[in-house]
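Colleague: Residue numbers (full-length UniProt numbering): 1 to 345.
Quick reminder that beta carbons are idealized off the backbone N, C-alpha and C, glycines included.
All figures in this text were calculated on a predicted structure; none of them were measured in a lab.
First the structure, which I've put down as C-alpha cells, then a few questions once you've had a look.
Have a look at this one:
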C-alpha cells in the first residue's frame with residue numbers, strides 16, 4: 001500500500017478528530033487499518049503527525065573507536081581516511097570504509113581541506129619574527145609612512161590560479177571547455193621589482209635580459225645596476241627620512257649591495273628571515289596578478305605580458321596600497337598571537 005504523504009496525514013488526522021471511524025479513514029486513503037491506528041497514537045503521544053526519528057543503520061564503530069579516530073587525526077593531520085580505515089576493525093569484525101572515517105571526523109567538525117603553504121620556520125626564525133612584531137606593533141601611520149616596502153615577483157604567461165572553478169556535469173572533467181590549459185613551465189616570464197608605501201609607490205621595474213628559467217640572472221650587481229642606481233637612489237634623494245625595506249635574498253644582503261646603500265646614505269629596515277606575510281607588497285603582487293588574469297584576451301608573448309603588467313600597476317588605486325600599509329599592525333598582532341609561526345597573511 002502507498003505511504004501517506006505529510007498532507008494526507010494531516011487530512012486523515014482531521015477526519016479522525018472530526019469523529020470519523022478509523023476503518024472509513026483507512027478505506028478513503030487506501031491504507032491498512034493499522035496505519036491509521038499508528039497515526040492516531042503518534043498524534044496522541046507527540047501532538048504531531050510527522051514521522052518520529054528512526055535509529056537508522058547501526059553504526060559500524062563504537063563510541064570508543066570514534067574517540068580514537070578523532071585523536072589519531074588530531075595527532076596525524078596529514079593521514080588519509082582510507083589509511084585509518086584499513087587499520088580499524090568495526091563491530092562484528094566488519095570492515096570500515098574511508099567515507100565512514102570522514103563522517104566520524106565531520107561529526108566532530110574536522111574537515112578534509114587543502115593545507116596552507118608556508119616557509120619552513122625553525123625556532124630561531126619564529127623567535128626573530130615574534131621579536132620584530134613586538135618591536136613594531138605600536139607603530140602608528142606616521143612611522144609607517146617613511147617605509148618603502150620592496151620585493152621582486154615572477155609573472156608568467158600561463159598562470160594556474162587555484163581559486164578558479166569550472167561548472168561541469170558528471171563525466172565532463174576532461175571536456176574541451178572544462179580544461180584549463182597551461183604551460184608546464186609557465187611559458188615566457190617576467191620578473192618585476194616594485195615598492196609601495198603610504199601614499200607612494202615606486203615602479204614597476206621590469207628586469208631585462210633574464211634567463212629562460214625562474215630565478216635566473218638576478219645578481220647583486222644586476223640589482224644595483226637595474227634597480228638601486230636608476231630608481232631607488234633618486235627616489236630617496238627626493239625624500240627625507242625614508243627607509244628601505246627589502247627581504248634577505250642573496251642579492252639584497254650581498255656585501256657589494258650593502259656597501260652601495262651605505263655609500264648613498266640609504267637606511268635599511270631590519271627584516272626577519274622568511275617573513276613574506278609581514279610584507280604588504282606580497283598582497284599587492286596578488287592584486288596585480290588578478291588584474292592581468294582578467295584581461296581578455298590575455299597576453300600571449302613576453303612583450304604583451306610586460307605591457308599588461310605596467311598597465312595593471314598604473315590602474316591599482318592608491319587607496320588599495322594605503323589599506324595594505326595600514327594592515328601592518330594587524331600583521332604584527334597575528335605573528336605575536338602564533339608566537340612567530342604561520343599567519344593567514
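Just to confirm, is the Cβ distance from residue 309 to residue 280 under 7 angstroms?
Modeller: no
Colleague: How many Å lie between residue 316 and residue 296 at the Cα?
Modeller: Spanning the two alpha carbons is a distance of roughly 18 angstroms.
Colleague: So the alpha helix (DSSP H) residue 34 belongs to, where does it begin and stop?
Modeller: 33-46
Colleague: Quick one: Cα of residue 83 to Cα of residue 101, how far?
Modeller: 10 angstroms
Colleague: In the DSSP assignment, find the unbroken alpha helix (DSSP H) run with residue 16 in it and report its ends.
Modeller: 6-17
Colleague: Are residue 202 and residue 192 touching if we call contact CB-CB under 7 angstroms?
Modeller: No, the Cβ-Cβ distance between residue 202 and residue 192 is not below 7 angstroms.
Colleague: Between the segment 271-279 and the segment 122-140, are three or more C-beta pairs nearer than 8 angstroms?
Modeller: yes
Colleague: So, for residue 14: in the same chain, excluding its five sequence neighbours on each side, which residues have a beta-carbon less than 6 angstroms away from its beta-carbon?
Modeller: none
Colleague: Just mark residue 174 as buried or exposed, buried being the case when its beta carbon has 16 or more other beta carbons within 10 Å.
Modeller: Counting the other Cβ atoms within 10 Å of the Cβ of residue 174 gives fewer than 16, which makes it exposed.
Colleague: Go ahead and label residue 132 buried or exposed: buried means 16 or more other beta carbons lie within 10 angstroms of its beta carbon, across all protein chains shown.
Modeller: buried
Colleague: Using the rule of at least 16 other Cβ atoms within 10 Å of the residue's Cβ for burial, across every protein chain shown, is residue 311 buried or exposed?
Modeller: exposed
Colleague: So the beta strand (DSSP E) residue 152 belongs to, where does it begin and stop?
Modeller: 147-156
Colleague: On the three-state DSSP scale, how would you describe residue 164?
Modeller: In the structure shown, residue 164 falls within a coil segment according to DSSP collapsed to helix, strand and coil.
Colleague: Measuring only the C-alpha atoms, how far is residue 130 from residue 335?
Modeller: Distance from the CA of residue 130 to the CA of residue 335, rounded to the nearest whole angstrom, comes to 6 angstroms.
Colleague: Would you mind listing the beta strand (DSSP E) stretches within the UniProt domain "Transposase Tc1-like" (66-138) that are 3+ residues and don't spill past its ends, in chain order?
Modeller: Annotation note: the UniProt domain "Transposase Tc1-like" (66-138) contains no uninterrupted beta strand (DSSP E) run of length 3 or greater.
Colleague: Can you confirm whether the segment 166-180 touches the segment 284-291 when touching is taken to mean that 3 or more C-beta pairs between the two stretches lie within less than 8 angstroms?
Modeller: no
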